[in-house]
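*Asks:* Be aware that the first sequence starts at 93, since it is given in our numbering, and climbs by one per residue.
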Amino acid sequence: MIQDRLANLLREACLALLSDREHGDALPGDIQIETPSNPAHGDFACNVAMQLAGQIEANPRQIAQQLIDHLPADAVVERVEVAGPGFINFYLSPGWLHDGLAECLEQGENYGCSDFGAVQKVQVEFVSANPVGPIHIGNARGGPFGDTLANLLAAIGYEVEREYYLNDAPTNTQLQIFGGSVQTRYLQLLGEEVGFPEEGYHGDYVVELAQELVDEYGEKYRDVPRDTEGALLFFDLVEDKMIEQLHRDCAAMGISFDVWFSETKLHEAGLVQAQIDQLLASGAAYAKEDAVWLRTGQYGDEEDRVLVRSDGAPTYIASDVAYAADKFYTRGFDRVIYIWGPDHFGYVPRMKAALAAMGIGIERAEFIIYQTVRFLEGDEPLSLSKRRGDIVTIRELIEDIGRDAVRFFFLMRSVDAHLDFDLDLARQQSAENPVYYVQYAHTRLCSILREAESADYLGKVDGDLSLLIHPDELALLRKLADYPAEVLRAAQELAPHRLPHFARELAQAVHQFYTNCRVLDRDNPAMSRARLKLVAGSHIVLANILGLMGITAPEKM
RNA sequence: GCGCCUGUAGCUCAGUGGAUUAGAGCACCGGACUUCGGAUCCGGGUGUCGGGGGUUCGAAUCCCUCCAGGCGCGCCA
């Protein structure tokens, strides 16, 4: 990357300058090369002189000038200036852009990838919705986010695993409530006068499930007691359907998990009990009032948390402790990223505390809480609750506006921002959608490449990139050259939402180039060949970035 | 009450120490094509960056405080 090249030049200049001044220890660890927002300020800029000024007590402009004096020569650096309060601005010859295109063409689908994360194993766990209903607008947000984040981390060299944690254990109270809801609907369909519990799952799909049970089994389960065991029996009857549905919903979003991890398996293998015993033995857990508590209060949580209820049933924390042991110890992930919905917010401190109590460095775990999605109908916000039944499923949304638009919409916003989802607006905007703008740029390039195959006047001569000097060509070249740094940054900051923005800017540069620079021209084959190379490079980068987002790159629309 | 997220153009949002012009999309108004796809391009912005205070060469960005909206605070997940 050109940024690394410039940073290395500056690092050498810093070392030379600092040894002159006997300040060898003042070298900044990370030299930031940034792109000035104002093009008049050069192709790249660096603020290292101002950082140094604080440490060695000298005028930043003077330091900047001295750094420039010590800067090793480099072919692409045309001139370097001190500007403003002490910026070092680099003005490069257009050759660096042509080099960037050559690199892009050579690397193809790998362009944008790097080895930053070399051989580290990272797991991204996301969605992980309880198997009690379809994935819907409220809990789907982590899907495209996690999937794209995983793509990004893989692109910068991590060994990535995508995981779905299936809370399928009978100790999960939600399953009991859900099973009870199915049971109640079943009995109602059989004509029994039974009231539906307020805290139950009110969605129509529960009635449909119950109807399927009636169709399949008739009255066979009429006399099952309406207690916890009965509820779990009913959950067992529908469990496979629920899990299949989750698989279908994820597939519909274009997400393929490497591992569907079953909570029940943790229990069956005795791992939950083993972790509880170990925590008791190490003193991280203790017994009080018939329950077992984890000393999370000593590790930053507000208070200690219950691991085992007084009735002997383990809580979800117990499962999660065992699950974490499996992730960090058994499977040996260097980093684990948990992506959770806003309802799990209060759970982060206790999970961190639990990891600390287990002796797992908390820097190895990252918790990303995405913010609420509100579904708006007109001006009325509806709260999304599976239990209340007023849900819009992810598959309804996908059928409505398409998978590509769904992924793009969810990805566009930072996960820290609340997201208002107005279905009418989404439907209406799908024709004026930024995703089509990006995809259309891709199809236009495909169209040129198709056309070029039958253009006999092009011959076999290689395109001369130095012919590319039109402002719209240079602007497009610049976006192509910026791409690898953008991927790296989006991955390091765990910020997939940067991608749709970059993709739109790239598409804009493509459309401008397309409008103002005729590519295929029988009267100018040399220029045609050069521009075709730019078309090929742009085509590669658009396809790559759409690929990272899990959005199709169509050849025709 | 405590904690977290958010507050930037009419609307939806980027920008989270950097450059005396704070950006984009949508919407609205006007314009562009005998050649590669018009789902395109070009032009049109008087914004208390929620208010106030502070930190410094420099703040939408960091700190404090207040206001508004959202979410969370269970031996549920």
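Beta carbons are placed, not taken as given, at the ideal position from N, Cα and C, and that holds for glycine.
Remember, predicted model here, so these are calculated numbers, not experimental data.
With DSSP collapsed to three states, give me the class of I460.
*Replies:* I460 falls in the strand class under three-state DSSP.
*Asks:* Please indicate yes or no: does the CB of L580 lie closer than 8 Å to some heavy atom of the ligand FAD?
*Replies:* This structure lacks the ligand FAD, and indeed carries no ligand of any kind.
*Asks:* Beta-carbon within less than 6 Å of V633's beta-carbon, same chain only, minus the 5 sequence neighbours each way: which residues are those?
*Replies:* Around V633: L572, Y575.
*Asks:* Check whether the region 587-603 touches the region 526-533, taking contact to mean three or more Cβ pairs, one atom from each stretch, closer than 8 Å.
*Replies:* The region 587-603 vs the region 526-533: in contact.
*Asks:* If you compare alpha carbons, which of R499, C538, S630 is closest to M649?
*Replies:* The candidate whose alpha carbon is nearest that of M649 is C538.
*Asks:* Mind listing, in chain order, the continuous alpha helix (DSSP H) runs of no fewer than 4 residues lying wholly within the region 163-206?
*Replies:* With a minimum length of 4 residues, the continuous alpha helix (DSSP H) runs that stay inside the region 163-206 are 187-199.
*Asks:* Do you know how far the Cα of V140 is from the Cα of D191?
*Replies:* Distance between the alpha carbons of D191 and V140: 26 Å.
*Asks:* Sort out for me which residues DSSP pairs H228 with in a bridge.
*Replies:* According to DSSP, H228 bridges with T485.
*Asks:* Just reading off the alpha helix (DSSP H) that A344 is part of, what are its end residues?
*Replies:* 320-344 is the span of the alpha helix (DSSP H), which, as asked, contains A344.
*Asks:* Could you tell me if V286 is buried or exposed, where buried requires 16 or more neighbouring beta carbons within 10 angstroms of its beta carbon?
*Replies:* It is exposed - the Cβ of V286 has fewer than 16 other Cβ atoms within 10 Å.
*Asks:* Check whether the region 619-627 and the region 551-563 touch, using three or more Cβ-Cβ pairs below 8 Å as the test.
*Replies:* Counting Cβ pairs under 8 Å, three or more are found: they touch.
*Asks:* So what does Q215 bridge to, in DSSP terms?
*Replies:* In DSSP, Q215 forms a bridge with E253, V428.
*Asks:* Nearest by alpha-carbon distance to E455: which of D426, V465, L358 is it?
*Replies:* Per the Cα distances, D426.
*Asks:* Using C-beta distances below 6 Å, list every residue in its chain close to Y391, excluding the 5 sequence neighbours before and after it, in chain order.
*Replies:* Within the same chain, Y391 has close Cβ partners A445, A448, A449.
*Asks:* Assign L107 to one of two classes, buried (16 or more other C-beta atoms within 10 Å of its C-beta) or exposed (fewer than that).
*Replies:* The residue is exposed, with fewer than 16 neighbouring Cβ atoms inside 10 Å.
*Asks:* For R505 versus H589, is the C-beta spacing smaller than 9 Å?
*Replies:* In contact: R505 and H589 (Cβ atoms closer than 9 Å).
*Asks:* Can you list, in chain order, the residues of its chain whose CB lies under 6 Å from that of P236, leaving out five sequence neighbours each side?
*Replies:* Around P236: R499, F502, L503.
*Asks:* Cβ atoms of A373 and S402: under 9 Å apart, would you say?
*Replies:* No.
*Asks:* What residues in its chain sit with their C-beta under 7 Å from that of A583, if we drop five residues either side in the sequence?
*Replies:* Contacts found: L244, L245, A247, I248.
*Asks:* Among residues of its own chain, excluding the 5 on either side of G322, which ones have a beta-carbon nearer than 7 Å to its beta-carbon?
*Replies:* So the list reads Q275, V316, once near-sequence residues are dropped.
*Asks:* Which residues share a DSSP beta bridge with F136?
*Replies:* F182, per the DSSP bridge assignment.
*Asks:* Under the three-state reduction of DSSP, which class applies to D350: helix, strand or coil?
*Replies:* Residue state, collapsed to three classes: coil.
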